Ligand SMILES: *[C@@H]1O[C@H](CO)[C@@H](O)[C@H](O)[C@H]1NC(C)=O
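Numbering (UniProt numbering), first residue to last: 1 to 427.
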């Protein structure tokens, strides 16, 4: 549908518009093609006027990485009915240049829509940031965001976002009583919602100097929980203690850039237990590829890392995961697989592989995607799960230099076929 492409071209962030225009000016063939596209646009509008509603939507986020994404349910601008949409907040558009926007992609018409932001009366909107974490409630009508890095601070703040009946995004700041426990601020933690509580594990915290440089950084190995109904106090459930390697006290070592998913396992007696499954990540010593599961019933960690004789994905951080029906973890990409044991971060690679981890068998299996186009290898994309699919927006395809993206992909977790929902421009 060429008209749709054209509308996105015109709706780019300012720096992208400039580039697209130059491109057309200096390429006569492109200019001719654009003219044909324009003609098709006119024909489409005249012949199929009802289609016009579709393209009056919003603009996609700029090329970026490290924003938060979630699939929510809210009134559609098109129909007014509750429909699923992907919401994306903030992210890093250029080194240190953070996006303030809250964006919306409606999954049924498959179109970006304007998402007017309604600020909190007293606290406004959350400061732009990256590497924060977010979960949604069980009805997917409210998002809860925690922490991240604003560029000058690691706020330990919690915000909620919910669409109103007009489909606007209402942000609210969560105020805690002075006496309440609060999880310390951090970036690149991982979080899940289990039974109406947000569980957050690990991350990284640094002092920020007057010049804005990070120093005295600390990898975190603590596990916190926050009840999403009362939103009254955080509770620390566990913290890694050096030398605590016994099966009863052990757990994942301090790290950031790991992932968290929910495993739901029924035992022989028919008893169902939910686990927070933590995979991979990185600390000063290097990258990890271990699997740990927090048993919410027994309140302790179980080491689910398969033995070395079994196939295992390369060590990594900032990868993308889904957990269809709590039965298996699906893994896409990330950054890691270092070429050397020393200086692992400097010698890391950007990954585009697919894996599946069976929670019951506790085994990994490498997956080949179905034939067809697939996304480039990348890390730190904004990702979310929706009805047995994994949605992936943007991210970075270059380790080090920064090759941010703005394309949107959907992976069918049954067939492992990729669909490109929105073709990005390189920015
Ligand atoms: C995924 O593929 C299956 C099998 O072809 C299909 O039934 C299902 O609708 C697909 N899901 C999506 C979201 O396209």
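Where a beta carbon is used, it is the ideal one built from N, C-alpha and C, also for glycine.
None of these values were measured; they are calculated from a predicted model.
The secondary-structure analysis by DSSP pairs residue 102 across a beta bridge with 89. For residue 288, the uninterrupted beta strand (DSSP E) run begins and ends at 286-295, by DSSP.
For residue 323, no beta strand (DSSP E) encloses it, and the DSSP letter there is neither H nor E.
By the beta-carbon neighbour count (other beta carbons within 10 angstroms, threshold 16), residue 108 is exposed.
Judged by the Cβ position, residue 102 fails to qualify as a neighbour of ligand 1 at the 6 Å threshold, every heavy atom of the ligand being at least this far. Contact between the region 249-263 and the region 169-183 is absent: fewer than 3 CB-CB pairs across the two stretches fall below 8 Å. A distance criterion of 6 Å places the beta-carbon of residue 125 beyond contact range of ligand 1, judged by its closest non-hydrogen atom. In this structure, residue 406 lies away from residue 379, with their beta-carbon atoms at least 7 Å apart. 7 Å or more divides the Cβ of residue 92 from the Cβ of residue 74. Counted as a single uninterrupted DSSP element, the stretch harbouring residue 416 is not any beta strand (DSSP E), since DSSP gives it neither H nor E. The beta carbon of residue 227 sits closer than 6 Å to those of 197, all from its chain and outside the five residues before and after it, given in chain order. Relative to ligand 1, residue 141 has its C-beta separated by 6 Å or more from all heavy atoms.
Per DSSP, residue 75 is one residue of the beta strand (DSSP E) stretching across 68-75.
For residue 410, the three-state secondary structure derived from DSSP is strand. Annotation for residue 412 indicates a beta carbon within 6 Å of some heavy atom of ligand 1.
The region 359-377 and the region 306-318 touch, with no fewer than 3 CB-CB distances between them shorter than 8 Å.
Straight through space, the alpha carbons of residue 163 and residue 69 are spaced by roughly 15 Å. Checking the DSSP bridge columns, you'll see residue 357 partnered with 329 and 364. When the beta-carbon positions are compared, residue 367 and residue 385 stay at least 7 Å from each other. Bridge pairing for residue 235: 225 [DSSP]. Taking the C-beta atoms as reference points, residue 297 is found nearer than 7 Å to residue 273. Shown here for residue 326: same chain residues with a beta carbon closer than 7 Å to its own, the five before and five after excluded, namely 262, 263 and 264 in chain order. Counted as a single uninterrupted DSSP element, the stretch harbouring residue 121 is not any beta strand (DSSP E), since DSSP gives it neither H nor E. Taking 3 residues as the minimum length, the beta strand (DSSP E) runs contained wholly in the region 153-192 are 158-163 and 169-173, in order along the chain. Relative to ligand 1, residue 225 has its C-beta separated by 6 Å or more from all heavy atoms. Annotated three-state conformation of residue 304 is coil, per DSSP. Residue 106 is classed as buried because its beta carbon has at least 16 other beta carbons within 10 Å across all chains shown. In this structure residue 90 is not in contact with residue 60, their Cβ atoms being roughly 14 Å apart against a cut-off of 8 Å. Within the chosen limit of 6 Å, ligand 1 does not reach the beta carbon of residue 79 with any heavy atom.
With distances taken between CA atoms, residue 417 lies nearest to 371 out of 427, 393 and 371. Under the three-state reduction of DSSP output, residue 203 falls in the strand class. Across the structure, residue 280 and residue 353 are spaced so that their CA atoms are roughly 15 Å apart. Around the Cβ of residue 153, a 10 Å sphere holds fewer than 16 other Cβ atoms; the residue is exposed. Counting every other CB atom within 10 Å of its CB across the protein chains shown gives residue 57 a total of 16 or more, marking it as buried. Annotation for residue 259: the continuous beta strand (DSSP E) segment containing it runs 259-266. The DSSP-derived three-state label of residue 109 is coil.
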